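In our numbering, the protein residues as written are 914 to 1092.
See the structure below:
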């Protein structure tokens, strides 16, 4: 359910694009993102940092798309967002000695520091790859192909990568005695 909640603005963007085009879809995505944040705050009394970053990026790049009536800005949004995530993860480790993935997941799984470093750098690299793939598709294919890639391609890549990461981490999960 959390995954579906997090992709809600992307899904709404996709549907709106199919009916009314890129500019309508961009406006809808901005509204959906604001509603997502409001709902999250009302339900949990807090909003996760990645959601706030995503909201700021959609407002800036979606707003530029609408104000300048140029779709390239919304096409840059995933690249900027995933680039920010990659930089936060990488810079956190290099400059602040913080393993962001360990901070996020340490309460759920216990692993040695070298394994956490592999997870951390893997996610940083993955987000950098997705950022680059998005901008490649944005500049080399039609807007319709890019919208499909944004929903199905990026989400598919994330799902596949998360499975690979889960398989890597699974060797560190302790199975209790079943009596």
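C-beta: ideal position from N, C-alpha, C; glycine also.
Keep in mind that this is a model prediction, so the values were computed, not measured.
Asked                                                                                                                                                                      : Found
Just the Cα atoms here: how many angstroms apart are residue 1023 and residue 1014?                                                                                        : 12 angstroms
Can the beta-carbon of residue 987 be found closer than 7 angstroms to that of residue 974?                                                                                : yes
Could you pull out every residue in the same chain whose Cβ sits closer than 7 angstroms to the Cβ of residue 1090, ignoring the five residues on either side in sequence? : Note that residue 1090 has pLDDT 45, beneath the 50 cutoff, so the model's placement of it is unreliable and no number is given.
For residue 1053, does the three-state DSSP call read helix, strand or coil?                                                                                               : helix
Mind checking which residues open and close the alpha helix (DSSP H) that includes residue 885?                                                                            : Since the first and last residues shown for the chain are 914 and 1092, residue 885 lies out of range.
Could you say which of 1063, 934, 1049 lies nearest to residue 982 if we only look at CA atoms?                                                                            : 934
What number of angstroms, rounded off, separates the C-alpha of residue 929 from the C-alpha of residue 940?                                                               : 9 angstroms
Give, in chain order, every unbroken run of the beta strand (DSSP E) that is at least 3 residues long and sits entirely within the segment 988 to 1072.                    : none
Would residue 1046 and residue 1059 qualify as a contact pair, given that the criterion is a beta-carbon distance under 7 angstroms?                                       : no
Out of 1076, 1049, 1007, state which residue places its alpha-carbon closest to the alpha-carbon of residue 989.                                                           : 1049
Hey, does residue 963 have any beta-carbon neighbour from chain D nearer than 7 angstroms?                                                                                 : Looking at the structure shown, chain D is missing, and only one protein chain is on hand.
Report yes if the C-beta distance between residue 994 and residue 1020 is below 7 angstroms; otherwise report no.                                                          : no
Going by alpha carbons, who is nearest to residue 938 out of 1081, 963, 1063, 956?                                                                                         : 1063
Helix, strand or coil for residue 919 per DSSP?                                                                                                                            : helix
Can you tell me where the alpha helix (DSSP H) holding residue 960 begins and where it ends?                                                                               : It is not in any alpha helix (DSSP H) - residue 960 carries neither H nor E in the DSSP assignment.
Quick check on this structure: which residue in 1002, 942, 1055, 1008 has the alpha carbon closest to the alpha carbon of residue 1031?                                    : 1002
Going by beta carbon distance, what residues of the same chain come within less than 8 angstroms of residue 961, once the five residues before and after it are set aside? : 953
Could you work out which residue in 972, 1075, 947, 1008 is closest to residue 918 when comparing CA atoms only?                                                           : 947
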